[in-house]
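A short write-up of the structure that comes next.
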Amino acid sequence: MSYLIDHVRDALLMFNTGVDTLPNYRALRSLVDPVTATLVPIAVFMLAARLWQPIGWLCLTWWGAFMLISVILPAQGLSYHRIPGALPFACVGVGLAFAVLMRVVRDGFGLPKASVAWSSLLLAACAGLANTHFYFYEYSRAYGLAQTGGYSEIVCSYAGRMPVVDAAEVEGRAYIPAGASLFIALACPEVKRIRSTQPERLWHIGDLTDAREVALIAPTELVEGVPGTPEGYRIKRHYIDERIDYPSLLPVSVYELERAGD
Amino acid sequence: MVDAAAGRFLARHRAYGAILALAAAALGQLVLEWSRIRGEPADLIVAVPLLLTGAILAVVATRGRDDHFDGVCRFTIRFPGWRWLLALLPGFVVLAWATAVIGTAPDRIVLSAWVSGIGWFLLVGLAHLGVVSGLRWRPPADLTQVIVMCAVLLFVALALRTGGDLTRLPNFWDSDEVTIGLSARGMAAFPFAWIGIFWVGLSKLTVAPFRAAQVVFGDNLWGFRMGAVIIGTASVLATFTFARRIIGNLPTFTGALLLATAHTHLHWSRCGHEYIETPAAAAIIVWLLARAWTGGSLLSWVGAGIALGVGTQTYWASYALPLLVLVTTAGWVFTTGTDWKAAAVMTAVVAVIALFILAPVGRIMFEVLDLGANRPQSLFLLNPAEQAWAG
Numbered sequence: 070m071s072y073l074i075d076h077v078r079d080a081l082l083m084f085n086t087g088v089d090t091l092p093n094y095r096a097l098r099s100l101v102d103p104v105t106a107t108l109v110p111i112a113v114f115m116l117a118a119r120l121w122q123p124i125g126w127l128c129l130t131w132w133g134a135f136m137l138i139s140v141i142l143p144a145q146g147l148s149y150h151r152i153p154g155a156l157p158f159a160c161v162g163v164g165l166a167f168a169v170l171m172r173v174v175r176d177g178f179g180l181p182k183a184s185v186a187w188s189s190l191l192l193a194a195c196a197g198l199a200n201t202h203f204y205f206y207e208y209s210r211a212y213g214l215a216q217t218g219g220y221s222e223i224v225c226s227y228a229g230r231m232p233v234v235d236a237a238e239v240e241g242r243a244y245i246p247a248g249a250s251l252f253i254a255l256a257c258p259e260v261k262r263i264r265s266t267q268p269e270r271l272w273h274i275g276d277l278t279d280a281r282e283v284a285l286i287a288p289t290e291l292v293e294g295v296p297g298t299p300e301g302y303r304i305k306r307h308y309i310d311e312r313i314d315y316p317s318l319l320p321v322s323v324y325e326l327e328r329a330g331d
Numbered sequence: 498m499v500d501a502a503a504g505r506f507l508a509r510h511r512a513y514g515a516i517l518a519l520a521a522a523a524l525g526q527l528v529l530e531w532s533r534i535r536g537e538p539a540d541l542i543v544a545v546p547l548l549l550t551g552a553i554l555a556v557v558a559t560r561g562r563d564d565h566f567d568g569v570c571r572f573t574i575r576f577p578g579w580r581w582l583l584a585l586l587p588g589f590v591v592l593a594w595a596t597a598v599i600g601t602a603p604d605r606i607v608l609s610a611w612v613s614g615i616g617w618f619l620l621v622g623l624a625h626l627g628v629v630s631g632l633r634w635r636p637p638a639d640l641t642q643v644i645v646m647c648a649v650l651l652f653v654a655l656a657l658r659t660g661g662d663l664t665r666l667p668n669f670w671d672s673d674e675v676t677i678g679l680s681a682r683g684m685a686a687f688p689f690a691w692i693g694i695f696w697v698g699l700s701k702l703t704v705a706p707f708r709a710a711q712v713v714f715g716d717n718l719w720g721f722r723m724g725a726v727i728i729g730t731a732s733v734l735a736t737f738t739f740a741r742r743i744i745g746n747l748p749t750f751t752g753a754l755l756l757a758t759a760h761t762h763l764h765w766s767r768c769g770h771e772y773i774e775t776p777a778a779a780a781i782i783v784w785l786l787a788r789a790w791t792g793g794s795l796l797s798w799v800g801a802g803i804a805l806g807v808g809t810q811t812y813w814a815s816y817a818l819p820l821l822v823l824v825t826t827a828g829w830v831f832t833t834g835t836d837w838k839a840a841a842v843m844t845a846v847v848a849v850i851a852l853f854i855l856a857p858v859g860r861i862m863f864e865v866l867d868l869g870a871n872r873p874q875s876l877f878l879l880n881p882a883e884q885a886w887a888g
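Next up, the structure:
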């Protein structure tokens with residue numbers, strides 16, 4: 070029972086506080102920025118006071134329904150992926166609440182007519198700054214470069230240039246999350262990828278391809294476990310890509326090879 | 498003289514109330530932000546009363562005021578007449594036939610019938626518009642203002658959704674995103690198999706915008722995610738267009754700007770997930786409904802029905818859309834004082850159009866009900882398995 074109470078409380082407060090618990094966003098932030106969040110309770114109450122006007126009825130029923138079916142009724146903790154349907158109505162409610170309050174202030178203090186428009190724009194600008202700072206600065210740095218995206222990026226950089234011998238998933242161990250092959254297939258279907266699955270035969274490139282140029286891409290940990298040199302190929306360029314750091318560090322060794330004797 | 502002084506006194510005190518409301522709410526949110534920054538549990542004991550105080554003060558400060566902003570349209574229903582409604586019948590017949598033969602007839606035949614049925618509705622709507630207004634467009638008085646606002650929204654929404662590197666922010670891929678992407682690509686092999694279900698029981702139309710984006714922008718991660726960018730941007734514009742008819746341009750423009758920059762909306766507009774389709778469908782449906790309720794022609798009603806039929810298929814959360822349209826109609830009849838008979842008939846038209854558009858995929862879903870119902874049931878809060886998971 071206490072779980073249910075906590076769940077409903079967290080759901081009702083998710084515009085103002087909380088985090089996204091599912092891995093498809095993982096925002097360590099309330100559903101909306103602090104500027105908008107400040108006005109959310111005000112908007113709810115002001116819309117409720119206007120329930121018998123078209124906008125009050127529309128926004129409260131749609132906002133409330135999406136909250137109910139998308140957040141309150143499903144379990145699995147709070148997640149932000151089912152709730153976007155409520156956002157248009159919440160934002161309209163906030164915009165209306167602020168404009169009406171600013172009109173009250175304008176009328177009370179005899180401010181210029183345009184003060185409502187300018188203060189509304191200022192509000193939107195502040196919210197926009199808070200959101201862009203969070204998303205493009207804090208959030209983009211919070212989790213580093215993920216193994217799925219990072220490894221795909223390395224492999225895809227060879228699309229149209231040369232085939233890739235990929236040793237990320239070998240017998241007994243997958244160095245990148247399961248299904249990474251699908252990620253790469255989505256990102257760059259045109260890349261010619263050859264799987265190397267036997268660690269002890271990592272350097273036997275000639276068994277896998279006879280391409281004139283080929284890139285061997287393998288986790289550095291694997292490479293260090295089976296030291297050697299590529300058979301039938303000479304190394305044109307070698308580097309270790311150390312950018313991948315989420316959910317754990319994954320240095321990747323890249324060898325650009327050229328067939329020996331050509 | 499006394500009345501004027503009393504009016505000024507009241508206005509001044511309302512203004513103080515409004516400022517206090519904003520201050521209390523800001524203080525409450527500040528407490529929550531402070532807890533977050535310090536990594537402590539949210540201090541709800543202090544924050545919630547402050548937020549509630551702000552909300553109550555705001556209601557008190559604005560009570561009894563009748564605030565109207567430029568751009569509001571008057572609620573009035575133009576009943577198109579029974580002849581025009583009867584003209585819609587062939588569309589229903591074709592859609593009913595598509596429903597009857599789905600699963601047995603070739604995909605291209607079913608899809609052709611389905612599209613033809615929708616096309617017939619639009620044709621009748623356009624014909625009605627032509628007869629009623631001679632297809633002459635009367636620009637609204639605030640056209641320039643609306644165009645400028647739409648242009649600003651379009652720029653902000655698109656800039657934020659494509660800014661940075663779309664392939665690296667978000668810089669991880671969820672397996673669901675990959676499923677959507679590969680399913681969209683897979684549709685190339687079955688170009689006519691758009692009516693049906695896939696994966697966990699979602700309608701195949703869910704991936705249609707992403708497939709279109711792959712075709713237009715390229716079959717890679719960037720092209721795929723552009724599908725979400727377009728849908729997210731459309732939802733911002735649709736939000737502006739629906740709300741401005743009801744509350745006017747200024748508060749709607751502010752609200753749409755907040756939506757365009759909201760980080761959650763932004764995130765789902767940059768991922769190849771289907772979640773962003775729900776707000777887009779909701780906003781487009783309400784836009785067409787708002788048009789219809791503010792003197793729109795049969796085309797607006799038909800458009801609302803089509804949007805409802807297609808939009809309901811987008812995601813689990815969208816399954817609530819038909820019920821919400823009915824609830825909205827009921828509320829608007831009472832709150833606007835419009836002709837309830839006309840409202841009832843035209844809402845029935847919207848609902849029946851949506852129902853017939855949904856019928857083919859609905860039949861397939863019904864035949865594999867376990868698959869379609871499994872996901873919502875398994876996620877339900879009171880499901881014993883979920884409670885065990887939650888401890």
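Protein chains in written order, with this note's numbering: chain A, 70 to 331; chain B, 498 to 888.
Just so it is clear, CB atoms sit at the ideal spot from N, CA and C, and this is done for glycine as well.
As the structure is a computational prediction, the values presented were derived from the model and not from experiment.
Can you pull the chain B residues whose beta carbon is under 8 Å from the beta carbon of residue 243(A), in chain order?
Under the 8 Å cutoff, chain B gives no residues; its nearest Cβ is about 14 Å from residue 243(A).
Pairs of beta-carbons, one from the stretch 663-679 of chain B and one from the stretch 243-259 of chain A, closer than 8 Å: are there three or more?
Contact holds: three or more Cβ-Cβ distances are below 8 Å.
Secondary structure at residue 791(B), three-state DSSP: helix, strand or coil?
The answer is strand: DSSP assigns residue 791(B) an E or B state.
Among the residues of its own chain, which have a CB less than 8 Å from the CB of residue 618(B), if the five just before and after it don't count?
Closer than 8 Å at Cβ, skipping near neighbours: 585, 588, 799, 802, 803, 850.
Would you say the stretch 699-713 of chain B touches the stretch 748-766 of chain B, given that touching needs at least three Cβ pairs under 8 Å?
The stretch 699-713 of chain B, when compared against the stretch 748-766 of chain B, does not touch it at the 8 Å Cβ threshold.
When you compare each of 805(B), 797(B), 758(B) to residue 779(B) by their alpha carbons, which one comes out closest?
Checking every option, the nearest Cα to that of residue 779(B) belongs to 805(B).
For residue 262(A), would you say it is in contact with chain B, using Cβ-to-Cβ distances shorter than 8 Å as the test?
Chain B contact via Cβ: absent.
Where does residue 328(A) fall in DSSP's three states?
Three-state result, residue 328(A): strand.
With contact counted as at least three CB pairs below 8 Å, one residue from each stretch, are the stretch 275-282 of chain A and the stretch 306-323 of chain A in contact?
Contact fails: fewer than three Cβ-Cβ distances are below 8 Å.
If you follow the beta strand (DSSP E) that residue 819(B) is in, where does it begin and where does it stop?
Here residue 819(B) belongs to no beta strand (DSSP E); instead the alpha helix (DSSP H) covers 818-833.
Closer than 9 Å, Cβ to Cβ, to anything on chain B: give me those residues from the stretch 140-152 of chain A, in chain order.
Hits within the stretch, in order: 141, 142, 143, 144, 145, 146, 149, 150, 151, 152.
Using the Cα positions of residue 638(B) and residue 840(B), report the straight-line distance between them to the nearest angstrom.
Their Cα atoms are separated by approximately 27 Å.
Name the one or two DSSP bridge partners that residue 91(A) has.
BP columns for residue 91(A) are empty, so no partner.
Where residue 300(A) and residue 286(A) are concerned, what is the direct C-alpha to C-alpha distance, given to the nearest angstrom?
Each residue's Cα considered, the two are about 15 Å apart.
Does any residue of chain A bring its CB to less than 8 Å from the CB of residue 560(B)?
Residue 560(B) counts as touching chain A.
Can you tell me which residues form a DSSP beta bridge with residue 264(A)?
DSSP lists 235(A) as partners of residue 264(A).
Using CA coordinates, which residue listed in 786(B), 811(B), 791(B), 864(B) is at the minimum distance from residue 848(B)?
Of the listed residues, the one whose Cα sits closest to residue 848(B) is 786(B).
By the 10 Å Cβ neighbour count, where 16 or more other Cβ atoms means buried, how is residue 671(B) classified, buried or exposed?
With 16 or more other Cβ atoms within 10 Å, it is buried.
Run down chain A in chain order and give the residues with a C-beta less than 7 Å from the C-beta of residue 530(B).
Near residue 530(B) (Cβ distances below 7 Å), the residues of chain A are 103.
Suppose the cutoff is 6 Å on Cβ atoms and the five residues either side in sequence are ignored; what does the same chain contact list for residue 888(B) look like?
Because the pLDDT of residue 888(B) is 49, which lies under 50, any placement of that residue in the model is unreliable, and the question is left without a value.
If you draw a straight line from the C-alpha of residue 102(A) to the C-alpha of residue 523(B), how long is it?
For residue 102(A) and residue 523(B), the distance between alpha carbons rounds to 12 Å.
Identify whether residue 242(A) lies in helix, strand or coil by the three-state DSSP scheme.
Here residue 242(A) sits in strand by DSSP.
Is the stretch 712-725 of chain B in contact with the stretch 153-168 of chain A, if contact means three or more CB pairs nearer than 8 Å?
At 8 Å Cβ cutoff, the stretches do not touch.
Can you name the residues that DSSP bridges to residue 215(A)?
In the DSSP output, where bridge partners are listed per residue, residue 215(A) has 315(A).
Give the residues from the stretch 200-220 of chain A that approach chain B closer than 9 Å (Cβ to any Cβ), ordered along the chain.
The residues in question are 200, 201, 203, 204, 205, 208, 209, 212, 213, 214, 215, 216, 217, 218, 219.
Secondary structure at residue 559(B), three-state DSSP: helix, strand or coil?
Residue 559(B): helix per DSSP, three-state reduction.
Quick check: the stretch 191-201 of chain A against the stretch 134-150 of chain A, are there 3 or more CB pairs under 8 Å?
Judged by Cβ distances under 8 Å, the stretch 191-201 of chain A makes no contact with the stretch 134-150 of chain A, as fewer than three pairs qualify.
In chain A, what lies closer than 7 Å to residue 575(B) by C-beta?
None at all; the shortest Cβ gap to chain A is about 17 Å.
From what residue to what residue does the beta strand (DSSP E) around residue 307(A) run?
302-310 is the span of the beta strand (DSSP E), which, as asked, contains residue 307(A).
From the DSSP output, in three-state form, read off residue 284(A) for me.
Residue 284(A): strand per DSSP, three-state reduction.
Please state whether the Cβ-Cβ distance between residue 185(A) and residue 515(B) is less than 8 Å.
No.
If we count the other Cβ atoms within 10 Å of its Cβ and call it buried at 16 or more, is residue 324(A) buried or exposed?
Residue 324(A) should be labelled buried.
Since residue 94(A) meets chain B, which of its residues come closer than 7 Å, beta carbon to beta carbon?
The answer, in chain order, is 764.
Going straight from the alpha carbon of residue 692(B) to that of residue 794(B), what length do you get?
Near 29 Å, if we compare the C-alpha coordinates of residue 794(B) and residue 692(B).
Can you give me the Cβ contacts of residue 180(A) inside the same chain, cut-off strictly under 8 Å, excluding the 5 residues immediately before and after it?
Cβ neighbours of residue 180(A) beyond the five flanking positions: 174.
Would you say residue 854(B) reaches chain A, if we count a Cβ-Cβ gap shorter than 8 Å as a contact?
Not an interface residue.
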